[in-house]
Amino acid sequence: MAESLSFRGLRRADSSPILWISDFEYSGKILTESSFPDRFPIRIRRWKPGSLSGPLPRYAEWLEILSNEVGNSKSKMKLLGEGYFSGTVFELLRRFPKRIEAACVIDPPYFETESFSFLPKSVHWISKRLGWSPWNFFSEELYSFFRSLEESCTRIELPAGISPPSILFTESNRTISEQLSNFGTKLRDFRVFRIEVSKTENVNSTLSNLLEKILSDDSISSVQKKSNNKMEPGF
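Following this line, the structure appears as structure tokens:
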């Protein structure tokens with residue numbers, strides 16, 4: 054467990070720190086440390102899972118450690134969750150509504166289209182991060198961890214009075230309207246944004262600017278274009 058979880062402060066400031074609940078590293082991953090330039094007046098705390106080949110925590114234990122990080126923070130926190138780790142953001146919002154200043158989930162799995170749609174989602178998820186070794190697909194530990202993450206992503210209901218997180222898409226070719234309806238629930242209470250990029254390496258400047266506005270709860274009311282990147286406003 055200790056080997057799987059670590060919190061690391063990238064920089065310090067007086068404002069609310071971001072708790073970055075990061076996905077595992079894989080080729081083409083959009084959000085990286087370079088997405089957060091030094092000019093950000095924030096302190097970023099990142100959970101870094103590292104390699105999937107190491108010991109994985111049980112989901113309940115892992116959630117408790119994240120909860121302690123939020124509950125023990127001296128100031129309110131901002132939450133940022135990626136992919137199948139997005140469900141944890143909703144759980145922390147339910148547990149600590151007064152301790153969280155703002156929240157955003159990036160590329161949640163509700164609306165993704167998979168290259169190998171005939172395969173189970175767990176196979177696609179594991180292969181993207183570990184490759185196609187058959188040993189990976191016989192790991193009950195991996196499947197159990199994935200199933201817990203997947204289940205957490207279905208629990209998006211929040212009590213009245215709690216602002217839902219913003220949703221940011223970076224990897225979909227479908228329209229926002231299709232994405233909103235594909236999960237079976239119209240996410241009308243969410244602010245939804247999307248960044249379209251021609252090359253992954255070009256996204257950092259646009260992504261960091263948009264994240265700063267989202268997590269600062271700034272108004273974003275117009276389509277902005279920069280180079281080959283396009284930001285679409287939320288509804």
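Note that the working numbering has the sequence shown beginning at 54, numbered continuously upward.
For glycine and all other residues, C-beta sits at the position ideal for the given N, C-alpha and C.
First through last residue of the alpha helix (DSSP H) which encompasses residue i
i: I118; result: Y112 to G124
i: L211; result: From DSSP, L211 is part of no alpha helix (DSSP H); its letter is neither H nor E.
i: F199; result: E193 to S205
Cα-Cα separation, residue i to residue j
i: G214; j: F246; result: 22 Å
i: N189; j: S180; result: 8 Å
i: G81; j: K151; result: 35 Å
i: L263; j: Y137; result: 21 Å
i: L146; j: S175; result: 26 Å
i: I153; j: H177; result: 32 Å
i: S69; j: G124; result: 13 Å
i: R244; j: C206; result: 17 Å
i: I248; j: K266; result: 14 Å
i: R111; j: P212; result: 26 Å
i: V158; j: L221; result: 6 Å
Helix, strand or coil at residue i according to DSSP, with G and I counted as helix
i: S269; result: coil
i: R152; result: coil
i: I179; result: helix
i: L145; result: helix
i: G302; result: Any property of residue 302 remains undetermined from this structure, which presents the chain solely from 54 to 288.
Limits of the beta strand (DSSP E) - the one that residue i falls within
i: S219; result: S219 to F222
i: K131; result: M130 to E135
Residues that DSSP places opposite residue i in a beta bridge
i: C157; result: L133 and S219
Contact belief for residue i with residue j at Cβ below 8 Å, rounded distance in angstroms
i: R208; j: F149; result: 16 Å between Cβ atoms; not a contact.
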